[in-house]
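Participant:
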Amino acid sequence: MQSCFMSAYLQFIRHNMAGLGFGFLAVFFGNFGQSFFLAWFGSDIQQTLGLSAGDYGLAYSLATLGSALSLLWLGGLIDRVSVAKYVAGITIGLAASAIFMSQVSGVVGLVCGFYGLRLCGQGLLPHTGQTIMVKHFSKSRGKALGIAISGVPVGEVILPVFVVWLISQYGWQDSWLFIGCAIPLLFLPAALTLLSRMKAVPDEKSSEASATTRVLADEEEVVSVGRREMLADGRFWCLLPAILAPPYVITGIFIHQGALLEAKSWSASWFATCFIFYGITHWLGSLLAGGLVDRFSAKRLICFYLLPMLVGFTLLMLFSGRYIAPLFMICLGVSMGASGPIIGSLWAELYGTIYMGSIRSLITAIVVFSSSLSPVMFGFWLDGGGSMQGIIRLICLGFVLAILLASYGSFLSLKKSGNREK
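Numbering of the sequence shown is given in the numbering used here, commencing with residue 749 and proceeding in unit increments.
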C-alpha cells in the first residue's frame, strides 16, 4: 500500500511539474511573512525599539488585523485579473516590505512593515498558490495542495537556522535588506516561467482510484455558492473554530516564544533545532493528508486533524524536560501539515470551485484576523503577571471544544451528502 501511495504521488508530480512547482514556490516564499519566521526578529526588534512584550504584540496584531481586512478585497482579485500580474504585484509588495523593515526606527514604521509582510507573505502568496491548485486540479486536489503546502515545512526546516545565523552576522536590519533584494530575483522569474508552462499542461493525465472517483461524484453534485450562502450555512460555523484554533495558537506561541523558552528552561538554539522536527513532520503530514483527502474526502477528516496538536500541548502542560521540545514540535507539525490539504479541499467539497478565490480570500482574512488577536492577548496576559503555563491550559481546553464542534459539523456535512445521493 505504501509503494502504491508513493507511486501515485511520483506519477502525479511527473505529469504536473509546472503547476505543482508554482504552488510550492508561492507557498515557500510566503514564509517570509509567517509568524515562525518573524518570531526570530522579535527580541532584537523589542530591544532596539524599547518595546515591552505587550507593546510588541499590539504592533504585530494591528498589522495582522490590517492585512486581514485588506485580504477581503485583494484576495478576491485572483478571480478577475491575470494571475501573472497578480503574482508580480504581490512579489513587489513583499520585497518592498522587507526593505522597509530594514529602515524601521519606531513603532509606527514597525506596524507598517509588519502589515506588508503579513499581507503579502502570510496572506496573498499562499492564497494564490493554494487557489491555483484548487482550480487547476480536480481529480487530485488533495495531492496538489499537499505538495504545494509542503513549501511551509521546507521553510520551517531551512529558514530558522538560516535567519538565526544571518541576524548574528549582520544584525536584524541588514538581514531584512538582504531578504528584500533576494525575493524578486529568486522568486519572480521562476514563478512566471512556471505559470507560462502551466497553461499548456492538461489538468491531470494520471488515472485515479475508485475511491477518488467516489469523492468526486459527491463533489460534482455541489452547487457552487458565494460568500453570502456560505456564511448562512450552519456547517461553516461548526467547522470554523477547528480551522481558526491552530493559526491563533501557533502565532501567539511563536511570537512570544521567549516566554515559553524561559518557562521551560530551553535555549533558543535548541528550540531552533527542534524546528527541523516540526518541518519534517509538517511536510510528511501534508503529503499523507493530501492522499487521504483524495481517498476519503475532507468532510470526513476535518474532525481528526487537531488531535496531534492537542496531544502536543497536553505534553507541554504536564512536562518541562528538554526532550519535550521535539515531541511538542512533532505533534504541531503533524496537525499543521494535515490542515492544508484538508481545509483547502473542504471549501471546494462544500461550496464548489467557481467562487473559490472569493471564498478563500474571506476564509484567509478570518484566519489572519484570528491570528492577529493572539500576540496582543498573550502579551498583555504575560505583562499582567499571567504565566505561559496558564495559556497552555486554556489552549488545551479550546482544542477539546473545537474538536467536538468540528465532529458535529462533519456529521452534518456527511448527512447532507447522503441526502443528495438519495
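We put the CB at the ideal spot given by N, CA and C, even for glycine.
Give me, in chain order, the residues of the same chain whose beta-carbon lies closer than 7 Å to that of Ile1143; leave out the 5 immediate sequence neighbours on both sides.
Facilitator: Val997 and Phe1061
Participant: Compute the beta-carbon to beta-carbon distance between Ile1111 and Trp1095, rounded to the nearest angstrom, for a pair I have assumed lies under 8 Å.
Facilitator: 7 Å
Participant: Mind checking Trp985: buried by the 16 CB within 10 Å criterion, or exposed?
Facilitator: Counting Cβ neighbours within 10 Å, Trp985 comes out exposed, since fewer than 16 surround it.
Participant: For the alpha helix (DSSP H) containing Ala980, name the first residue and the last one.
Facilitator: Careful: Ala980 lies outside any alpha helix (DSSP H) and carries neither H nor E.
Participant: So does the stretch 1032-1048 actually touch the stretch 882-898, counting three or more Cβ pairs closer than 8 Å?
Facilitator: yes
Participant: Use the C-beta contact count for Ser809: other C-beta atoms within 10 angstroms, 16 or more gives buried, fewer gives exposed.
Facilitator: buried
Participant: Of the residues Ile1102, Phe1052, Phe1128 and Ser1119, which one's Cα is nearest the Cα of Val882?
Facilitator: Ile1102
Participant: Comparing C-alpha positions only, which one of Val1059, Ile897 and Ala1046 sits nearest to Leu1098?
Facilitator: Ala1046
Participant: Between Asp792, Ala774 and Val1115, which lies nearest to Ile915 when the distance is taken from Cα to Cα?
Facilitator: Asp792
Participant: Specify, as a first and last residue, the run of the alpha helix (DSSP H) that Ala1011 falls within.
Facilitator: Gln1005 to Lys1012
Participant: For Thr941, count neighbouring Cβ atoms within 10 angstroms of its own Cβ and tell me buried if that reaches 16, exposed if not.
Facilitator: exposed
Participant: Evaluate the contact criterion for the stretch 925-941 versus the stretch 809-820: three or more CB pairs, one atom per stretch, below 8 Å.
Facilitator: no
Participant: How would you label Arg762, buried or exposed, when you count the other beta carbons within 10 angstroms and need 16 or more for buried?
Facilitator: Exposed, because fewer than 16 other Cβ atoms sit within 10 Å of the Cβ of Arg762.
Participant: With a CB to CB cut of under 6 Å and the five nearest residues on each side skipped, what residues in its chain are close to Gly877?
Facilitator: Gly771, Ala774, Val775 and Ala896
Participant: Going by CA-CA distance only, name the one from Gly1138, Gly869 and Ser853 that's closest to Ile927.
Facilitator: Gly869
Participant: Which same chain residues, not among the five before or five after Ile1151, have their C-beta less than 6 Å away from its C-beta?
Facilitator: Excluding sequence neighbours, Ile1151 sits near Leu1054.
Participant: How many angstroms separate the CA atom of Leu1063 from the CA atom of Leu1145?
Facilitator: 14 Å
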